[in-house]
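Here's the structure, in structure tokens; my notes come after.
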Amino acid sequence: MNIFLKELKSHRKSLIFWSIGIFFMVASGMAKFEAFSSSGQSINTMMADLPKSLKVVLGMRDLDLSKASGYYGMLFLYLLLMATIHAAMLGATIIAKEERDKTSEFLFTKPVARTTIITAKLLAAFVNIVIFNLVTLVSSIILMGKYSHGEPVNGEIAVLMAGMFILQILFMVIGSALAAVKKKSKTAASQATAILLLTYGISVAIDLNEHLKGLKYLTPFKYFEAKQVMFGGGLKPCFVVLSAVLIGALAFATFFFFKKRDLNV
Numbered sequence: 127m128n129i130f131l132k133e134l135k136s137h138r139k140s141l142i143f144w145s146i147g148i149f150f151m152v153a154s155g156m157a158k159f160e161a162f163s164s165s166g167q168s169i170n171t172m173m174a175d176l177p178k179s180l181k182v183v184l185g186m187r188d189l190d191l192s193k194a195s196g197y198y199g200m201l202f203l204y205l206l207l208m209a210t211i212h213a214a215m216l217g218a219t220i221i222a223k224e225e226r227d228k229t230s231e232f233l234f235t236k237p238v239a240r241t242t243i244i245t246a247k248l249l250a251a252f253v254n255i256v257i258f259n260l261v262t263l264v265s266s267i268i269l270m271g272k273y274s275h276g277e278p279v280n281g282e283i284a285v286l287m288a289g290m291f292i293l294q295i296l297f298m299v300i301g302s303a304l305a306a307v308k309k310k311s312k313t314a315a316s317q318a319t320a321i322l323l324l325t326y327g328i329s330v331a332i333d334l335n336e337h338l339k340g341l342k343y344l345t346p347f348k349y350f351e352a353k354q355v356m357f358g359g360g361l362k363p364c365f366v367v368l369s370a371v372l373i374g375a376l377a378f379a380t381f382f383f384f385k386k387r388d389l390n391v
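In the numbering used here, the protein residues as written are 127 to 391.
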């Protein structure tokens, strides 16, 4: 039984739907930018009277929305949320589905080490995330090329996708660690999503109140913001290192607790 191929096959339809969704999100977002641009009105002028809190929630603060790069920076927040939700749910369900489908006892009693099982599962999740990220990258480059009116943005988009990929892996292992730790792992996906939304809420609170800047290390959504990556010098090494440490620790927890799971789940 090739667990890796089995996992890829079982998540194939889900990956296709998520990929189609991210493509249409990029397409609709850039089409709206073109509609605003062709109207003859400045997007910045139209958005100037919006409350600060609404600008923060919508991800448009400190961005020049009249440029394709600035508008994409706003759109990136929604792409990032979609990508990390997909990753968190994938990481959790790739383990929890054995409990859900009542196949855990059968799987664990096969002559295959649990380390091999979890390695194959995480590798399959990793491949899904790579494909999802590449779909987002290619869609963004093609559609930005169509609507950017010659503005060079491909390099910035590639760096943004690198940051998004790191956060996808981080939330994937958050989901897998929760599923491995909990005795009843069916709720791991919802709890991983709750953690994601909580950390996003913290990032919004930081933007609303500068006195909370010290909390930026607690929310991955402040690690690779579009305004920093695209207009502030790329990925910050400290956040890359912090992300790597968190990913390593959570991956270790996934392996450790999965190996100790009770068969009677």
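Virtual Cβ for every residue (Gly too), placed ideally from N, Cα, C.
> Roughly how many angstroms separate the alpha carbons of L269 and S136, rounded to a whole number?
Replying inline: Locating residue 269 in the sequence shown gives position 143, counting from the first residue. Locating residue 136 in the sequence shown gives position 10, counting from the first residue. One C-alpha to the other measures close to 30 Å.
>> Tell me the DSSP secondary structure of K386 in three-state form.
In response: Stepping through the sequence shown from its first residue, residue 386 is reached at position 260. Here K386 sits in coil by DSSP.
> Taking C-beta to C-beta, are E133 and I211 nearer than 8 Å?
Replying inline: Locating residue 133 in the sequence shown gives position 7, counting from the first residue. Locating residue 211 in the sequence shown gives position 85, counting from the first residue. Contact flag unset, no.
> In three-state DSSP terms, what is H275?
Replying inline: Within the sequence shown, the letter at position 149 stands for residue 275. Three-state DSSP puts H275 in coil, outside helix and strand.
>> Taking 8 Å as the threshold (C-beta atoms), are Y204 and F159 in contact?
In response: On the sequence shown, position 33 is the one that residue 159 refers to. On the sequence shown, position 78 is the one that residue 204 refers to. For F159 and Y204, no; Cβs fall outside 8 Å.
> To the nearest angstrom, how far is it from the Cα of L304 to the Cα of L323?
Replying inline: Along the sequence shown, one-based indexing puts residue 304 at 178. Along the sequence shown, one-based indexing puts residue 323 at 197. When the Cα atoms are used, L304 and L323 turn out to be separated by approximately 16 Å.
> Less than 8 Å separating the beta-carbons of E336 and S195?
Replying inline: Stepping through the sequence shown from its first residue, residue 336 is reached at position 210. Stepping through the sequence shown from its first residue, residue 195 is reached at position 69. Not closer than 8 Å, so no.
> Between the C-alpha atoms of K272 and K193, what's the straight-line distance to the nearest angstrom?
Replying inline: Residue mapping note: residue 272 aligns to position 146 of the sequence shown, counting from 1. Residue mapping note: residue 193 aligns to position 67 of the sequence shown, counting from 1. Note on geometry: alpha-carbon atoms of K272 and K193 lie some 13 Å from one another.
> Exposed or buried, Y326, counting other C-beta atoms within 10 Å across all chains shown (16 or more means buried)?
Replying inline: Position 200 of the sequence shown, counted from the start, is the residue given in the question as residue 326. Label assigned to Y326: buried.
> Given that a residue counts as buried once 16 or more other Cβ atoms are within 10 Å of its Cβ, and exposed if not, what is L131?
Replying inline: What you label residue 131 is simply residue 5 of the sequence shown in a count that begins at 1. In summary, L131 is exposed, with fewer than 16 beta-carbon neighbours lying within 10 Å of its beta-carbon over all protein chains present.
> Mapping DSSP to helix, strand and coil, what is P363?
Replying inline: Here residue 363 is taken as the residue at index 237 of the sequence shown, counted from 1. Annotated three-state conformation of P363 is helix, per DSSP.
> According to the Cβ coordinates, are V299 and T380 closer than 8 Å?
Replying inline: Taking the sequence shown and counting its residues from 1, one reaches residue 299 at position 173. Taking the sequence shown and counting its residues from 1, one reaches residue 380 at position 254. Going by C-beta atoms, V299 is nearer than 8 Å to T380.
>> the ligand ADP and K193: does any heavy atom of the ligand fall closer than 7 Å to the residue's C-beta?
In response: Although the ligand ADP was asked about, the structure shown includes no ligands whatsoever.
> Does the separation of the CB atoms of M215 and G147 fall below 8 Å?
Replying inline: Here residue 215 is taken as the residue at index 89 of the sequence shown, counted from 1. Here residue 147 is taken as the residue at index 21 of the sequence shown, counted from 1. No, they are not a contact pair.
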